[in-house]
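S.K.:
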Amino acid sequence: MVDNHIISNCIKGKRKAHSVLYSSCIPYAYSIVSRYLPNSEDRKDVIQEAFVKVFRSIQKYDAGKGTFNLWLRKIVVNECLMFIRKNKRLPLLTSVEEVPEFQLSEEVKHNQLTKRDIENALSDMPEGYKIVFMLNVIDGYNHGEISKMLNIKKETSRSQLARAKKWMQKNLIDNRKNIAYGIF
Amino acid sequence: MESFDKKVSDLYNKDGFDEVPAEFSWLEINEGIYEKLDKNESKKRPIAWFWFAGISILVIGMFIYNTNTTISNGKHTSNDTIDKESTTLIKNKESINLNQYNISETTSNSYEEDQKISESFKIVTPKSIKEQPTKYISLKSLGIEKSHEKLNQSNSLLGSNNKSNHLETAPNAPELTIHNANSIPGPNSSTNEKTNVASRLTISINPIINVLVQLKHKAEKPTIICNNMVPSSPETNNPINHNERPFGISAYGGTLIGLGSYSGAEVRSETSQWLPGYYVGIRVPILQTEKFDIYSSFEHKYAVQLFEINKTDSTKVSLQNTLVGVSTNALTGKETQVHEDTVGFRKTTHDYTHYNTFRINTLNIGLSRSIEFGSFQLDASVGAAYSFLVLSKGKTIGNEHNIIDYNSQLPIYSSSNFGFEAGLDIYYSINKKIRINTNIRGEYSTSNWSKENNVRFKPSFIKLGGGINYIF
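First to last, the sequence lines map onto chains A and B.
If you read the first sequence in this note's numbering, its first letter stands for residue 5, the second for the next number, and so on.
If you read the second sequence in this note's numbering, its first letter stands for residue 37, the second for the next number, and so on.
This is the structure:
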């Protein structure tokens, strides 16, 4: 939790305040970056860029509009997307035919889900699905926001998410079977 | 379904975060952050200096221009006033209440006498204004109120003494004689050769003295008050305008041809090509020196870049229960299919066309040199260009309709860039006010347009077009 005193000192450009803010925010920022970027060097670049933006525009942060973590998340996610786009890792997402709302099978007992299960599934998920899934399910952006962030239509975002969840279900089931058979 | 989303969200956002590697500690990373912060600050400084220099040149230029115009107008006004006053004096003969000069026939006695007198005074006659600035006048006043003068030409003249810069008269002299130095008779010449003046003039003295006082203070050159002086031509009367080049605003436009590609971005550099765009602008001279003009121009450019993408991507996919072979039982000869879960690659071919469009506003400041030949004028210019990328958009045509606004969403291009411009303009005068021109100009970007790491994009532009020039 970042208090107002640290924020006001950061606005004044005090390095000590920068240090405190960074140390308190880096676990959250790192958890976001590590989801989007597998490479450690890439993560470092993006973390640096993100905090440069944080320190430069911290006076624009409005506590009335949300927590500091939400504001930070937006910056970090944008930096990740920009990095992926720059390095041409973000596939062009195509608008597909209307996909009905996908229902996750009962076979996937999500109460027993662990972070490791999701991470394993995400690691193999196609990049296009993965980004929409992470933006919507993990980072909490709605389809309107995702469509703006990725320059795609809302329908495209919905269909990509449905496909991502379908893929996730199959993968989770398969992984469980694999685990059951002692493959992993 | 919502509970699944919530569960996943909680796993990532509430159940604690992963341990952060040591390389992400503040001590390890702060140097890089401050380096980037300082870099961004230092980028702003050249922009500020460029604007400061530009505005300074503009202000100084306008000041010098205005000063020159005032001086020029001032000189015109002085001479015009003189001409007008002398003309008015003649016209208002009847209303004279002041001192009068009576001009009657007189002759001088000898050449020597004339010459002595003539050395004391200078005069300019209408003819001699064009030929020679200094003539001599000999003037003998009959008194304060009345005087006679003899002229060897039929001009009635009053003049200033150029040596002493004030009016000198000979109050006790009985006669007033004026000679044109060119026609001062030689020692043997007959007095009959001298032209007798028969005209009578009535002139008010005070305005003339005022004018002479003005001349004393304002003009170093011999200045004349002549009642029937032919107004001198602007060329002889206004030395500032004599060598001045036309001062006018140009509006221009034409076709924009882009050059240059991306280095460090293989797909883009291999597939990019420029399509013809356009440019429009206004150019204003802000300072004219003897040989050069300093100009400023504002320009809007529209450039289009085309990418013909044709590439294949591979995506890893897991394949279950895949037939990987057939085994044969050696004893029974029975064949059994062997299935395995395996990993494969899905290949996706991208075959589409993508356009990048740039809208750029450019401010130029430069130096130009003109050569005139007849109705034509060749103008060579070189200058600095500062460009603002006001809009950059990408649009994909084909199966993947995807419009990307790079400016607002993805700042992959710098919002401002620095460069140089050089070009040739040929002007043709249609009339005194309007000229048309054709131009070829080149613009080279010195700063990188790309904000992507390891990608260099420094486009150049060739501009072919024409315009119209309005002369003030």
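Note that beta-carbon positions come from the ideal geometry of N, C-alpha and C, so glycine has one too.
Would you identify the three-state DSSP class for residue 211 (chain B), choosing helix, strand or coil?
M.R.: Here the model assigns residue 211 (chain B) a pLDDT of 43, short of 50, so the residue's position is not dependable, and the following value carries that caveat. Note: residue 211 (chain B) maps to coil in three-state DSSP.
S.K.: From residue 428 (chain B) to residue 394 (chain B), what does the alpha carbon distance come to, in whole angstroms?
M.R.: In a straight line, the C-alpha of residue 428 (chain B) is about 5 Å away from that of residue 394 (chain B).
S.K.: How many angstroms separate the CA atom of residue 327 (chain B) from the CA atom of residue 404 (chain B)?
M.R.: Straight-line Cα distance between these residues: approximately 9 Å.
S.K.: Does residue 152 (chain A) come out as helix, strand or coil in the three-state DSSP assignment?
M.R.: Helix, per DSSP.
S.K.: Pull up the distance between the alpha-carbon of residue 95 (chain B) and that of residue 482 (chain B), whole angstroms please.
M.R.: In a straight line, the C-alpha of residue 95 (chain B) is about 27 Å away from that of residue 482 (chain B).
S.K.: At a CB distance below 7 Å, what residues from the segment 122-152 of chain A approach chain B? Give them in sequence order.
M.R.: For the segment 122-152 of chain A, which is checked against every Cβ of chain B, the residues closer than 7 Å are 122, 128, 130, 141, 142 and 144.
S.K.: Using 7 Å as the threshold, is the C-beta distance between residue 417 (chain B) and residue 398 (chain B) below it?
M.R.: Contact: no.
S.K.: Give me the residue from B:306, B:338 and B:290 with the minimum Cα distance to residue 296 (chain B).
M.R.: Comparing Cα-Cα distances from residue 296 (chain B) to each of B:306, B:338 and B:290, the minimum goes to B:306.
S.K.: Which residues mark the beginning and the end of the alpha helix (DSSP H) in which residue 51 (chain A) is found?
M.R.: That run of the alpha helix (DSSP H) goes 44-61.
S.K.: Using a Cβ-Cβ distance cut-off of 7 Å, determine whether residue 10 (chain A) contacts chain B.
M.R.: So, not an interface residue.
S.K.: Under 7 Å, Cβ to Cβ, is there at least one residue of chain A near residue 72 (chain B)?
M.R.: So, interface residue.
S.K.: Relative to the C-alpha of residue 146 (chain A), which residue among A:16, A:162, A:71 and A:61 is closest?
M.R.: Minimum Cα distance to residue 146 (chain A) is reached at A:162.
S.K.: Would a C-beta distance cut-off of 7 Å place residue 315 (chain B) and residue 494 (chain B) closer than the cut-off?
M.R.: It is not a contact, given that the beta carbons lie outside the stated cut-off.
S.K.: Would you report the Cα separation of residue 293 (chain B) and residue 317 (chain B), rounded to the nearest angstrom?
M.R.: Their Cα atoms are separated by approximately 16 Å.
S.K.: Enumerate, from N- to C-terminal direction, the unbroken beta strand (DSSP E) stretches of 3 or more residues contained entirely within the segment 286-340 of chain B.
M.R.: Entirely contained in the segment 286-340 of chain B, the beta strand (DSSP E) runs reaching 3 residues are, in chain order, 308-324.
S.K.: I'd like the span of the alpha helix (DSSP H) that includes residue 142 (chain A), first residue to last.
M.R.: Neither: residue 142 (chain A) is in no alpha helix (DSSP H) and is coded neither H nor E.
S.K.: Give me, in chain order, the residues of the same chain whose beta-carbon lies closer than 7 Å to that of residue 59 (chain A); leave out the 5 immediate sequence neighbours on both sides.
M.R.: Taken in chain order, the residues that qualify are 14 and 22.
S.K.: In this structure, does DSSP put residue 25 (chain A) in helix, strand or coil?
M.R.: Three-state result, residue 25 (chain A): helix.
S.K.: Count the other CB atoms within 10 Å of the CB of residue 44 (chain A); is the residue buried (16 or more) or exposed (fewer)?
M.R.: Exposed: under 16 other Cβ atoms inside 10 Å.
S.K.: What is the rounded straight-line gap between the Cα of residue 158 (chain A) and the Cα of residue 166 (chain A)?
M.R.: Computed Cα separation, rounded: 12 Å.
S.K.: Residue 56 (chain A) and residue 69 (chain B): beta carbons closer than 7 Å?
M.R.: Yes, they are a contact pair.
S.K.: Ignore the nearest five residues each way along the sequence and tell me which others in residue 486 (chain B)'s own chain have a CB closer than 6 Å to its CB.
M.R.: Cβ neighbours of residue 486 (chain B) beyond the five flanking positions: 493.
S.K.: List, in order along the chain, the chain A residues whose C-beta lies closer than 7 Å to that of residue 374 (chain B)?
M.R.: Ordered by position in chain A, no residue passes the 7 Å Cβ test against residue 374 (chain B), which lies about 16 Å from the chain.
S.K.: Mind reading off the beta-carbon distance from residue 6 (chain A) to residue 37 (chain A)? Whole number of angstroms is fine, and I expect it under 8 Å.
M.R.: Their Cβ separation, rounded to whole angstroms, is 18 Å, which puts residue 6 (chain A) and residue 37 (chain A) out of contact at 8 Å.
S.K.: Residue 161 (chain B) to residue 286 (chain B), Cα distance in whole Å?
M.R.: Bear in mind that the predicted position of residue 161 (chain B) carries a pLDDT of just 43, short of 50, making it too unreliable to give a figure here.
S.K.: Quick one: does residue 69 (chain B) have its CB under 7 Å from some CB of chain A?
M.R.: So, interface residue.
S.K.: In whole angstroms, give me the CA-to-CA distance for residue 40 (chain B) and residue 433 (chain B).
M.R.: Roughly 38 Å separates the two Cα atoms.
S.K.: Do residue 508 (chain B) and residue 283 (chain B) have their beta-carbon atoms positioned less than 7 Å apart in this structure?
M.R.: Yes, they are a contact pair.
S.K.: Using a Cβ-Cβ cut-off of less than 9 Å, list which residues of the segment 345-376 of chain B approach chain A; keep chain order.
M.R.: Per Cβ criterion, the list reads 349, 351, 352, 353, 354 and 356.
S.K.: From what residue to what residue does the beta strand (DSSP E) around residue 439 (chain B) run?
M.R.: Residue 439 (chain B) -> beta strand (DSSP E) spans 439-441.
S.K.: Are the C-beta atoms of residue 310 (chain B) and some chain A residue less than 7 Å apart?
M.R.: False, the Cβ-Cβ gap to chain A never drops below 7 Å.
S.K.: What residue does the alpha helix (DSSP H) around residue 494 (chain B) start on, and which one ends it?
M.R.: Where residue 494 (chain B) is concerned, there is no enclosing alpha helix (DSSP H), given that its DSSP letter is neither H nor E.
S.K.: Find the residues of chain A that neighbour residue 65 (chain B), judging by a C-beta separation of less than 9 Å, and give them in chain order.
M.R.: Result: 26, 30, 48, 51, 52 and 55.
S.K.: Any idea if residue 357 (chain B) is buried or exposed, counting beta-carbon neighbours within 10 angstroms, 16 or more meaning buried?
M.R.: Exposed, by the Cβ-count rule.
S.K.: Which two residues bound the contiguous alpha helix (DSSP H) that contains residue 82 (chain A)?
M.R.: Looking at the DSSP string, the run of the alpha helix (DSSP H) that includes residue 82 (chain A) is 72-90.
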